[in-house]
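Comments concern the structure below.
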Amino acid sequence: MARHIYVHNPFCARKCPYCDFYSVTDTSCTEEFYKAAIREAELLGSITGENTGTNPLTDIDNRDTVYFGGGTPSLPDSKLITELLRAIKKAFSIASDAEITIEVNPSSVTTEKLTEYREAGFNRISLGVQSLDDEVLKTLGRLHDAKGALDAIEKIKKAGFTNISADLITGVPGETLDGIKKDIKTFRELGIKHISTYSLMLEEGTAFYDRYNKTIEELISPDVEREMYHGTRAFLNELGYETYEISNSAMSGFKSIHNSSYWNSCEYFAIGAGAHGFLGDLRYGHRDDVRAYIEEMNTITADDYKAFLEGNKSDLKSLYIEETLTKEDKMREVAFLRLRTTEGILLDEFKKVFGVEFEDVFADAVNSNIEKGLLERKQRTLRLTRSGLDIANIVIEDFL
Ligand code: SF4
Numbered sequence: 174m175a176r177h178i179y180v181h182n183p184f185c186a187r188k189c190p191y192c193d194f195y196s197v198t199d200t201s202c203t204e205e206f207y208k209a210a211i212r213e214a215e216l217l218g219s220i221t222g223e224n225t226g227t228n229p230l231t232d233i234d235n236r237d238t239v240y241f242g243g244g245t246p247s248l249p250d251s252k253l254i255t256e257l258l259r260a261i262k263k264a265f266s267i268a269s270d271a272e273i274t275i276e277v278n279p280s281s282v283t284t285e286k287l288t289e290y291r292e293a294g295f296n297r298i299s300l301g302v303q304s305l306d307d308e309v310l311k312t313l314g315r316l317h318d319a320k321g322a323l324d325a326i327e328k329i330k331k332a333g334f335t336n337i338s339a340d341l342i343t344g345v346p347g348e349t350l351d352g353i354k355k356d357i358k359t360f361r362e363l364g365i366k367h368i369s370t371y372s373l374m375l376e377e378g379t380a381f382y383d384r385y386n387k388t389i390e391e392l393i394s395p396d397v398e399r400e401m402y403h404g405t406r407a408f409l410n411e412l413g414y415e416t417y418e419i420s421n422s423a424m425s426g427f428k429s430i431h432n433s434s435y436w437n438s439c440e441y442f443a444i445g446a447g448a449h450g451f452l453g454d455l456r457y458g459h460r461d462d463v464r465a466y467i468e469e470m471n472t473i474t475a476d477d478y479k480a481f482l483e484g485n486k487s488d489l490k491s492l493y494i495e496e497t498l499t500k501e502d503k504m505r506e507v508a509f510l511r512l513r514t515t516e517g518i519l520l521d522e523f524k525k526v527f528g529v530e531f532e533d534v535f536a537d538a539v540n541s542n543i544e545k546g547l548l549e550r551k552q553r554t555l556r557l558t559r560s561g562l563d564i565a566n567i568v569i570e571d572f573l
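For this note's numbering, add 173 to where a residue sits in the sequence shown, where the first one is 1.
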């Protein structure tokens, strides 16, 4: 069974005004954090053995994956990152064909760091470009400019990486569809194989949330936002990127296996402050508190960690249970996660796992959305239509 591991690296050079991911700019405990993360990897490896890991819902590419996200994993000394990756590979007996990704920022990634990442086994880079328009980058409060992003792509390629993903943010004040298309065209010319496009959201607790008076309409009208979404998606497809999830498009053979594991209800382990995991019936996480994380990982015993993962111990300093899922919760999650993908719900796989037909469990939601033209059935799959994708969040509400 494949194993999926998410590592949250909770340090950033500066907080971007739109970002609600957990990260801190006080990097004074960086070394302690990575030592604690190594201990967590070793503990988890010893507790869970080699066989944990499930992928019940599809027969997609299901190799092992490790994903270093954040925060900004490219900010710390690369030795700290590569030591942690080596510890994870050893503790979990990660297969040699695993997909191993690291998110990097143009402002902190260097040729030396990239070379070390590659030597340690990283084989996929996710680059936080967000835009190739300096004005848009300024609005987003990013530390890099367009030239910095293009330089970073060159460095990544020179270091030998071929599996490269770039992020773009759409719906930023001042941004145009033509500008987004220009960025995508540049990515295509530079050999970027995977593009994630995220609509700018106003998340509570961020500087943007206050600045734009708490309403997304202050930023962009819903009609323009939809036009950008369609225009972006159509252009991506025109250039050979297949959209396989609402926000993700890739050239053939370059879908993110790690992200797909989330949408396929696979189990995944969480390492690091602010990281969230899913094992058996448990959705669990580490609190957004790097100090509490370090303290806990330096003191917790394997027995206590095991008891926590088995649901017999809760509310530790850093670790906490978010939710214990019932069978009904899991079925709702499948609907929620899989309807975001263009593959949709695989009805035979669903029946195999849950012993019931998806269309019996969600009869009302399925029938009403098919009638409205928002959902379509193709042989043994159910998926959102183009109009359904437009209002995916509203359609998915019917299944929750
Ligand atoms: S660099 Fe990334 S994680 Fe850090 S604050 Fe900016 S968007 Fe958030």
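Just so it is clear, CB atoms sit at the ideal spot from N, CA and C, and this is done for glycine as well. Values in this document were obtained by computation on a predicted structure and should not be read as measured data.
Residue i CB to nearest heavy atom of the ligand SF4 below 8 Å
i	result
Ser429	no
Arg384	no
Thr245	yes
Phe153	Outside the shown range of the chain, which is 174 to 573, sits residue 153, and nothing can be said about it.
Phe194	yes
Arg553	no
Arg187	yes
Gly426	no
Gly517	no
Gly301	yes
Tyr179	no
Arg315	yes
Tyr191	yes
Ser540	One point to set straight first is that residue 540 is Asn, not Ser, in the sequence displayed. It does not: the Cβ of Asn540 is nowhere closer than 8 Å to a heavy atom of the ligand SF4.
Asn278	yes
Counted within 10 angstroms of its Cβ, other Cβ atoms place residue i as buried (16 or more) or exposed
i	result
Ala407	exposed
Leu257	buried
Gly347	exposed
Ile567	exposed
Gly546	exposed
Arg513	buried
Ser394	exposed
Glu213	buried
Leu230	Note on Leu230: pLDDT 49, under 50, position unreliable in the model; the coordinate value appears next. Counting Cβ neighbours within 10 Å, Leu230 comes out buried, since at least 16 surround it.
Asn224	Interpretation of Asn224 is limited by its pLDDT of 46, a score under 50 that renders its predicted location unreliable; the figure taken from the coordinates is listed afterwards. Answer is exposed; the Cβ neighbour count stays below 16.
Asp232	Low confidence applies here, because Asp232 scores a pLDDT of 49, under 50, leaving its location unreliable; read the following figure in that light. So Asp232 ends up on the exposed side.
Thr139	Residue 139 lies beyond the stretch modelled for the chain, which goes from 174 to 573, so this question has no answer here.
Leu392	buried
Lys252	exposed
Glu440	buried
Leu519	buried
Asp351	exposed
His431	buried
Leu573	exposed
Ala380	exposed
Tyr493	exposed
Glu400	exposed
Asp356	buried
Opening and closing residue of the beta strand (DSSP E) in which residue i lies
i	result
Asp340	Ile337 to Thr343
Gly301	Arg297 to Gln303
Leu557	Thr554 to Leu557
Arg187	No beta strand (DSSP E) contains Arg187, which DSSP labels as neither H nor E.
Glu496	Leu492 to Thr497
Lys551	Leu548 to Lys551
First and last residue of the uninterrupted alpha helix (DSSP H) at residue i
i	result
Ser247	From DSSP, Ser247 is part of no alpha helix (DSSP H); its letter is neither H nor E.
Asn410	Pro395 to Glu411
Thr274	Thr274 -> not in any alpha helix (DSSP H); beta strand (DSSP E) instead, spanning Glu272 to Val277.
Glu164	Nothing about residue 164 can be read from this structure; the chain reaches only from 174 to 573.
Glu506	Lys500 to Arg511
Glu544	Ala536 to Glu544
Arg361	Leu350 to Leu363
Tyr290	Thr284 to Ala293
Leu520	Leu520 to Phe527
Thr221	Thr203 to Thr221
Asn566	Ala565 to Glu570
Ile329	Ala319 to Lys331
Leu170	Residue 170 falls outside the range modelled here, since the chain spans only 174 to 573, and no answer is possible.
Cβ-heavy atom distance, residue i to the ligand ZN, below 8 Å
i	result
Gly447	Ligands in the displayed structure: the ligand SF4; the ligand ZN is not one of them.
Segment contact, 8 Å Cβ cut-off, at least three pairs: the segment 438 to 457 with the segment 479 to 491
With the cut-off at 8 Å, the segment 438 to 457 and the segment 479 to 491 touch.
Could you pull out every unbroken beta strand (DSSP E) segment of at least 3 residues lying fully inside the segment 417 to 480, listed in chain order?
421 to 423, 442 to 444, 449 to 452 and 455 to 459
Can we say the segment 358 to 377 touches the segment 397 to 416, given the rule of at least three CB pairs closer than 8 Å?
They touch, by the three-pair rule.
Inter-stretch contact (C-beta, 8 Å, three-pair minimum) for the segment 489 to 496 and the segment 550 to 561:
no
Taking 8 Å as the cut-off, does the segment 304 to 311 touch the segment 256 to 274 (at least 3 CB pairs, one atom from each stretch)?
no
Do three or more CB pairs link the segment 333 to 341 to the segment 282 to 299 at distances below 8 Å?
Segments in contact, yes.
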